[in-house]
Each structure stands twice: as structure tokens, then as C-alpha cells.
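Here is the structure we will look at, set down as C-alpha cells.
2 protein chains.
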Amino acid sequence: MASLEVPANVPLPEEDAEQLHKAFKGWGTNEGMIISILAHRNATQRSFIRDVYAANYNKDLLKELDKELSGDFERAVMLWTFGPAERDAYLAKESTKMFTKDNWVLVEIACTRSALEFLSAKQAYQSRYKTSLEEDVAYHTSGDIRKLLLPLVSTFRYDGDEVNMTLARSEAKILHKKIEEKAYADDDLIRILTTRSKAQIGATLNHFNNSFGTSITKFLKEYSGNEYVQLLKAVIKCFTYPEKYFEKVLRQAINKLGTDEWGLTRVVTTRAEVDMERIKEEYLRRNSVPLDRAIAKDTHGDYEDILLALLGHDHA
Amino acid sequence: MASLEVPANVPLPEEDAEQLHKAFKGWGTNEGMIISILAHRNATQRSFIRDVYAANYNKDLLKELDKELSGDFERAVMLWTFGPAERDAYLAKESTKMFTKDNWVLVEIACTRSALEFLSAKQAYQSRYKTSLEEDVAYHTSGDIRKLLLPLVSTFRYDGDEVNMTLARSEAKILHKKIEEKAYADDDLIRILTTRSKAQIGATLNHFNNSFGTSITKFLKEYSGNEYVQLLKAVIKCFTYPEKYFEKVLRQAINKLGTDEWGLTRVVTTRAEVDMERIKEEYLRRNSVPLDRAIAKDTHGDYEDILLALLGHDHA
Chain A
1261 MASLEVPANV PLPEEDAEQL HKAFKGWGTN EGMIISILAH RNATQRSFIR
1311 DVYAANYNKD LLKELDKELS GDFERAVMLW TFGPAERDAY LAKESTKMFT
1361 KDNWVLVEIA CTRSALEFLS AKQAYQSRYK TSLEEDVAYH TSGDIRKLLL
1411 PLVSTFRYDG DEVNMTLARS EAKILHKKIE EKAYADDDLI RILTTRSKAQ
1461 IGATLNHFNN SFGTSITKFL KEYSGNEYVQ LLKAVIKCFT YPEKYFEKVL
1511 RQAINKLGTD EWGLTRVVTT RAEVDMERIK EEYLRRNSVP LDRAIAKDTH
1561 GDYEDILLAL LGHDHA
Chain B
1261 MASLEVPANV PLPEEDAEQL HKAFKGWGTN EGMIISILAH RNATQRSFIR
1311 DVYAANYNKD LLKELDKELS GDFERAVMLW TFGPAERDAY LAKESTKMFT
1361 KDNWVLVEIA CTRSALEFLS AKQAYQSRYK TSLEEDVAYH TSGDIRKLLL
1411 PLVSTFRYDG DEVNMTLARS EAKILHKKIE EKAYADDDLI RILTTRSKAQ
1461 IGATLNHFNN SFGTSITKFL KEYSGNEYVQ LLKAVIKCFT YPEKYFEKVL
1511 RQAINKLGTD EWGLTRVVTT RAEVDMERIK EEYLRRNSVP LDRAIAKDTH
1561 GDYEDILLAL LGHDHA
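Here the protein sequences line up with chains A and B, keeping their order. If you count the first sequence from 1, position 282 lands on 1542 in this note's numbering, and the numbers rise without skipping. If you count the second sequence from 1, position 140 lands on 1400 in this note's numbering, and the numbers rise without skipping.
In C-alpha cells form, the structure reads like this:
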């Protein structure tokens, strides 16, 4: 369930655009106004506001925000204002760049979005960067990591619910054999995780658990020093327990000395319209502190305000 | 979230009582009518129907149901028609009887209900059986199992959200020490689990996980042959992941050769008004088959119909 709160009576996009235009004018920017509008509109509404803003003021709203704002607050407002596909494209591009290389983000985007959402992100990537996500990933990775990531971002997965139990049984056996042999980058293992539907992978991993008495991630636990194995675990976690995967990203971002604002902003902006309520629940369960309180303790100012607004805790 | 579906326009209790009265009349009983009424009324509505039935027909609705129905269907209708406290009292009584001894049910009731709900169940137990749950548990158990169960069912736990992080840290250390010493029935370990609030136990177990790199249940996994350790694990599971605990009870009930109708009926009737939607989600995730389909495959007739109705799948 989404945490985003949209008022019962949403102003017309024209009114929102006008208020935003005013917020940029004069001495200083009215950050509170920006939050009170943008952090309470869904993707369609934000997109209308951008269209109207461009038509009425002949300016790109995103460029205006970029010019007026700065730091973590700017990044949060920008990421949030994007539509989901555009935002994923932007995050994916960032993570293939040399200086910000972050293979986790690629796994996260490839594995927690639906097949169609991910395809839209790849289309947005192409139209924005004039390259394909696949070529960038292939170019910037190597070895086992490329062997896993490239098919992961390439496949247009089947998204249906049907599962083939016979196949699940035989592929669970293959996974178990490969993992016992410590052949974590085995062709078959990668083929199964990168091409099967999420429902089918779920069935295979359930069979694994039933037949071998423990989940596949527990088998992988011992080798968690290795980056490749870490990514493999993230793939599985994203498929099976996305809310726990995101809880962990948040936990690590917040507990880090100095807070990892990139991770925090990414999870809040990408999940506020999707499953943030569930992630908040997992966060409380795992940390015994509500997420909004943890964020309020670690951040401040406008950045804190927009994160709390997106979490549905404007007055926390 | 509850799976129970109540129609937008609920008939008056008088009308429901009259329809039920008719359903018992003439040749055979109209089971479909019983399901269409009772399986679509919440606890308050069912209680009104019972009151009106008693007033208008001078008969106890539960006794009528008992007389007219039989087998698994009867048990499901009876358990469901009870109010939550009465039902818990009945289940607890069953589970302390010699022939049906089932310590799991006691753990389940003591650990997944709120403090007030559990207190109401104990009050219902006393008014119905003229004994206290505590004395029955004490009388029918012994050794380590009594040492754990008796305080578990005795404590009126604090139900607040506040947690003391310093305490969580020190008690996590105690738990770790005791478990490393394999002192699973240690006084302190039992004191912590049976007297601390659920929120505080959650914080302690989170600290355990953070400090020792793995959850307490993984430490206990190796000793799972032992009934006492099994119960200890159930206590922890009920506190931390009730939806997973119930998913497992359902999975084991359904996968058993011949289906364990008692477990199945218990979970469906006790959770339909509480968190059955979440349990269904966990069931699908862990078994790759929707719960309603699994139940439809394993049960039949009126019994199947009432279970599916309570799951919100009348027309499955």
C-alpha cells in the first residue's frame, strides 16, 4: 500500500503550476509550498502539472526545480517529480556511471518492478540517453557480475501467475546441486533466475525450501563477503520479499555513520506510491522504531520535510 | 486485514434469525442458507442474531446448530458463530483436555491475541468452565513445558508500543548467553519471553539479530526435534511474524495426508475477522498456490463452502 497522501479535492494543474511558479519568484524559494503541492500529488497529477507549467510559462518545471533547489532536498524533489519510468531510467543511468557504480540499484529496478514497468523504464532510458540499458550494463561490468546482471536487465519476463510444479521441482534440484558445488555463477543457475517468471521462481524456491529443509538464502549466507554472491542474494530477496529488501536498504542507509541520503531518497521516492506502508511495517518490526521517527532523527530541514510528507507523516 | 465479507445492507437480526429458524425446519437442513447468513456477519452481528434467536424462539442458536449439523462442517459453523473470546476459551479448553492435548493452541492463543483479548478469553473460560485457564494448564502439564506455558498464559502483558533500548540490549545478551549454553528452559529466558511486552520482546530480538548476526530462531533450529524447543520457537514466531506462523499451521494442515481439519478450521475461524488477507498473501508466497485453491482441492461439500466463504471466496 502506498504512503502518499493526496487531498480529497486536488486543485487544477493550472492552479498548482501557478503556485509553484510563485514559489520560485522573489527573494528565496518557498520550499514549504513546493512540498505541500508536489509531495501530495500522484504520478499522473505531477505529470499534468509539468505539462501545464511548460505550456503556461514556457519553462521545464524540472529545470526550474534544479535551478532553485540544492543538496539532498533537490535530489528528493527531482526524483519524486519524475514519473516512475523516467525516475528508474535516471537511477539506472546513475548506477552504470563509473563514479557512482551501484549494481544494487540495477538489481533492485530489474527485480522489483513488473515486466511492463521495467520495459517502460528501459524505453525512457533509451529516449533520454540514446543508448540501451543493456549496452551500458554490458560495457561497465565484467566477469560473473556481468554474467548475472546483463540477462537480468535484458529479459522481458513473463508476468503471469501460472506455475509449473514439475518444472519447479526439477529446477529446485538444479539450484541445490549448483549451490552445493559452490558454482554460484553456473549457467543454469543464472538462466533460471534471469529468465523464469517471478511466480515460477517463487515456486522453485519454495520447492527448494520444502525439499532441502532451508531456504536458498541461508545456503548463500556463508559466502556473503563476495560481491557477486551479495548481488545474487539481493536478486532472490527482491523477488521473494521486496518489502524486506527495502527495509534493509533503509536500515543500512539510516544506521550508517552520517546517513546514506542517496539510498534513503531512492527508496522513499520509488516506493511512496507503491508499497511504502508495508515497508514501514517491516521497518518497525525489525528496528522497534517507526521509520518516520528514525528519519526525523537523522535528517533535517526541507529534506526531512519532504521525506516525511511522502511517508504520509507531514506533521511528525 | 480481515477476509470476512459483510454485505453493504445487512438484514435486521430478526430477519436473519427467522431465516436460520426456517433453515432448520422441514426435511433436511438448509446448509447453504446457514453459510450465506452466518459466514457474512461480523462478531457483533452474530451475537445480535444469537440474542434475537433466543428471545424469539426460546432456543439457543448454538445448540440448534449442534443438533442439526455434523462433522467438520458443524465444528466450523460452531467455532465461527462463537464470539472471539468464547471461541478462544473453547479452543483453550479443548487443548488442555487429555485426549486432545495440544500445547501449540495455547501458545497461539496466548501470543497472537492482544492482552485485553486474551484476558477476555480467560474470563470467558472461567465463566464457562468454572475453572481458570491457569489451573488447568498447571494441572495438565509438567516439567519444562509447564515452566514455559504457565507464565505464558498467566501474565497480563503490557500492550504499549514503548521500548527500552538499554533493556533490549542487556536482555538480548542474556538470551544469547542462555542459548549458547543450551539452557533453553533457563529462568531468565522464560522470564523475558513470558513477562515483557510484545514491543519490548521485538526490540530485544532485533538487538539479538543485530549483535549476533542471525535471528534467535536460527539458533534454535538445530534442536527442533524437542517439543519444548518447538514450543519456544512457536512463542517467538507468534510474537514476531504471526502471519508466517499461521501460514505454516495451514500449510501443515493441508499438506498432511488426509488434511488436519482441526487446524484448518481453527485458523480460518479465528483469523477471518483479523488478518486473513495477510495470511493468504503469505500462503501464496510460500506455496505458489492460492489458499482458497488449496482448500478447495482438499475439502468438499458444506465444509469447503463455509471455509471459502470465510476466506472471501464464495464463488471460488
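Every residue gets a Cβ at the ideal spot worked out from N, C-alpha and C, and that includes glycine. What you are looking at is a predicted structure, and each value in this text was computed from that prediction instead of being measured.
A residue is called buried once 16 or more other Cβ atoms fall within 10 Å of its Cβ, and A:F1506 is buried on that count.
With its beta carbon less than 8 Å from one in chain B, A:N1547 belongs to the interface. Pairing B:M1536 with B:L1567 gives a Cβ-Cβ distance that is not under 8 Å. Here DSSP, grouped into helix, strand and coil, assigns A:H1560 to coil.
Closest in C-alpha terms to B:D1404, from the list B:R1429, B:K1433, B:A1375 and B:L1449, comes B:L1449.
Runs of alpha helix (DSSP H) with 4 or more residues, each lying fully within the region 1487 to 1515 of chain A, are found at 1487 to 1500 and 1502 to 1515, listed in chain order. Within the region 1310 to 1354 of chain A, the complete alpha helix (DSSP H) runs of at least 4 residues fall at 1321 to 1328 and 1331 to 1341. DSSP places B:R1406 inside the alpha helix (DSSP H), whose first and last residues are G1403 to S1414. Under a 10 Å Cβ-count criterion, A:K1458 is classified as buried, with 16 or more other Cβ atoms of the shown protein chains found around its own Cβ. Contact check between the region 1495 to 1511 of chain A and the region 1453 to 1467 of chain A: three or more CB pairs, one atom from each, fall below 8 Å, which counts as touching.
Put simply, the backbone Cα of A:I1295 is about 13 Å away from that of A:R1335. For B:G1485, there are no C-beta contacts with chain A under 8 Å, since the nearest C-beta of that chain is about 13 Å from it.
Under the Cβ criterion of 8 Å, A:N1269 is not counted among the residues facing chain B. Rounded to whole angstroms, the Cβ separation of B:A1381 and B:A1352 is 7 Å, and the two are in contact under 8 Å. Around the CB of B:L1325, 16 or more other CB atoms lie within 10 Å, so the residue is classed as buried. Annotated as distal: A:F1468 and A:I1461, with beta-carbon spacing of 8 Å or more. Out of A:H1300, A:S1548, A:H1281 and A:L1379, the CA that lies nearest to the CA of A:K1323 is found in A:H1281. Taking B:A1398 as the centre and dropping the five residues before and after it, the same chain places the C-beta of R1406 and L1410 closer than 7 Å to its C-beta, in chain order.
Within the model, the alpha-carbon separation for B:L1524 versus A:T1372 is close to 33 Å. When only Cα atoms are considered, A:E1368 and A:S1402 end up about 19 Å apart. Spanning the alpha carbons of A:A1375 and A:S1414 requires a straight line of approximately 11 Å.
Selection A:E1278, A:R1388 and A:N1424 evaluated against B:S1548 yields A:N1424 as nearest (Cα-Cα). Across the structure, A:S1392 and A:R1306 are spaced so that their CA atoms are roughly 26 Å apart.
Straight-line spacing of the CA atoms in B:A1349 and B:E1278 works out to 28 Å. Taking C-beta atoms as the reference points, A:I1514 and A:I1539 fail to come closer than 8 Å.
The alpha-carbon separation between B:F1308 and B:E1482 amounts to approximately 50 Å. In this structure, A:F1333 lies near A:D1562, with their beta-carbon atoms less than 8 Å apart.
DSSP places A:P1273 in the uninterrupted alpha helix (DSSP H) bounded by P1273 to F1284. Straight across, the Cα-Cα distance linking A:Y1501 with A:K1442 is about 24 Å.
Of all residues in the region 1420 to 1434 of chain B, those with a C-beta nearer than 9 Å to a C-beta of chain A are D1421, V1423, M1425 and A1428, reading in chain order. Residue environment analysis places A:F1499 among the buried positions, since at least 16 neighbouring C-beta atoms fall within 10 angstroms of its C-beta.
Ranked by Cα distance from A:E1542, the options A:L1339, A:K1504, A:A1463 and A:M1261 are led by A:K1504. Around A:N1302, no beta-carbon contact reaches into chain B at under 7 Å, the shortest distance being about 22 Å. For the 8 Å CB-CB criterion, B:E1533 and B:N1302 form a contact. With respect to chain A, the C-beta atom of B:A1494 has no partner C-beta closer than 8 Å. Interface residue (Cβ-Cβ distance to chain A less than 8 Å): B:A1459 is classified as such.
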